[in-house]
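Once you know that position 166 of the sequence shown is 166 in the UniProt record's numbering, the rest is easy, because the numbers rise by one and skip nothing.
Structure record follows, encoded as structure tokens.
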Amino acid sequence: MLVTSVTGHLMEVDFEDRFRKWHSCDPADLYTAPVRKHVPEDKLNIKRTLEEEARNYHWLVLWLDCDREGENIAFEVMEVCKGVNRNLTIKRARFSALIERDIHEASQNLIAPNQWFSDAVDARQEIDLRIGASFTRFQTMLLRDRFVIDSAQDDKNLVLSYGPCQ
């Protein structure tokens, strides 16, 4: 048995390259622009580790937070591991505390990961991206020249950010 870890989400959702530049499109176009879920540069070493280990094992047991985000991370890990080993048997351990009894119970009652929980997180991430990026671009471009903002940074780089995670 081998134990390894990830550091939160392994993947991120972003627009395709042609929509990533601010003036590449009208902000309203971001509501229908294609998005992609991918492993960002700073997580490639984790991805490589998972791929190396997945080649050598028959089972993958996912011990992640017992919530929707944990379920989504599980599916991200599964996608990477199944990319190199389609024959993996994949199960999920459900636990709510790191105490001996809960750990033993979770290991004796492994379940299939819940696609619906993961899909809910994917939908939320995409909605956050579309709304946050479109409103941020719109209000920054609209208001940039209308207000005097005392800022130590270059005014050309000033962003009036909008989003649920501000």
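Glycine is no exception: its CB is placed at the ideal position from the N, C-alpha and C atoms.
Computed from a prediction, not measured in an experiment: that's the story for all the values here.
Inter-segment contact for the stretch 101-116 and the stretch 54-71 is present: three or more beta-carbon pairs are separated by less than 8 Å. Counting only runs that start and end inside the stretch 31-102, the alpha helix (DSSP H) elements of at least 4 residues fall at 44-54 and 68-82.
When the five nearest sequence neighbours on each side are left out, the beta carbons in the same chain lying within less than 8 Å of the beta carbon of Glu16 are those of Ala33, Pro34, Val35 and Arg36, in order along the chain.
Residue Met78 holds the alpha-carbon nearest to the alpha-carbon of Leu10 among Met78, Gly163 and Arg144.
With contact defined as three or more Cβ pairs closer than 8 Å, the stretch 16-27 and the stretch 79-88 are not in contact. Around the C-beta of Thr4, fewer than 16 other C-beta atoms lie within 10 Å, and the residue is accordingly described as exposed. Partner residues in the beta bridge of Val13, as assigned by DSSP, are Lys37. Setting aside the 5 residues that flank it on each side, Glu51 is surrounded in the same chain by Val80, Cys81, Gly83 and Val84, each with a C-beta closer than 8 Å to its C-beta; the list follows chain order.
Counting along the chain, the unbroken alpha helix (DSSP H) around Val121 starts and ends at Gln115 to Leu143. When only Cα atoms are considered, Ser161 and Asn56 end up about 45 Å apart. The residues Arg137, in chain order, have a CB closer than 7 Å to that of Trp22 in the same chain once the five nearest residues on each side in sequence are set aside. Contact between Glu53 and Leu2 holds: their C-beta atoms lie close to 6 Å from each other, under 8 Å.
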